[in-house]
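Here's the structure we're looking at; comments come further down.
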Amino acid sequence: ISRFVAQAVVLGDRQAYTGALIAPDFEELGAWATANGLAEMPPEQLVEEKAVQKLFDAEVRRTLEGFAVYERPRRIALLPRLLSEEAGELTPSMKTKNRVVLTNWADKIAYLFDEKSRSAE
695 ISRFVAQAVV
705 LGDRQAYTGA
715 LIAPDFEELG
725 AWATANGLAE
735 MPPEQLVEEK
745 AVQKLFDAEV
755 RRTLEGFAVY
765 ERPRRIALLP
775 RLLSEEAGEL
785 TPSMKTKNRV
795 VLTNWADKIA
805 YLFDEKSRSA
815 E
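Residue 695 is where the sequence shown starts when you use the working numbering, and the numbers rise one by one after that.
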């Protein structure tokens with residue numbers, strides 16, 4: 695478990711590999727960003743920063759190192775906010791509503807499984 699991750703949804707149904715949507719713990723991430731010289735910025739910008747992306751890539755690798763390769767997400771996408779009941783993404787008992795998540799975050803999910811952008815990395 696990482697102190698930087700508030701929520702994570704692993705996806706991969708009908709895909710060749712898995713990917714993960716990650717909602718950061720913005721309090722922890724903000725403190726890390728300040729300590730690492732990143733200017734204060736809104737979450738939408740913060741999750742796009744290269745240094746933040748590298749932090750989360752490293753956290754995912756570290757956290758999942760005991761898992762089989764096929765169980766680890768090949769790619770991650772950071773969300774600019776937490777999944778919420780208000781947005782219809784969570785049930786009252788905090789279970790993920792996958793269909794709503796797939797709709798609300800379609801652009802991020804497309805990135806997870808886009809082989810063209812993957813080869814450019």
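Cβ atoms here follow ideal geometry from the backbone N, Cα and C, with glycine treated the same way.
- Closest in C-alpha terms to N792, from the list D707, E722, Y764, comes D707.
- Inter-segment contact for the stretch 712-728 and the stretch 750-768 is present: three or more beta-carbon pairs are separated by less than 8 Å.
- The three-state secondary structure of G706, taken from DSSP, is coil.
- By the criterion of a C-beta distance shorter than 7 Å, A700 is surrounded in its chain by A717, P718, D719, L776, once the five residues flanking it on both sides are discounted.
- Taking the C-beta atoms as reference points, V795 is found nearer than 8 Å to V703.
- In this structure, E742 keeps its C-beta atom at 8 Å or more from the C-beta atom of L732.
- For the pair F807 and L749, the CB atoms are not nearer than the 8 Å cut-off.
- Within the DSSP secondary-structure output, I770 pairs in a beta bridge with A714.
- For A727, the three-state secondary structure derived from DSSP is helix.
- N730 sits away from A752, with the two beta carbons spaced by 8 Å or more.
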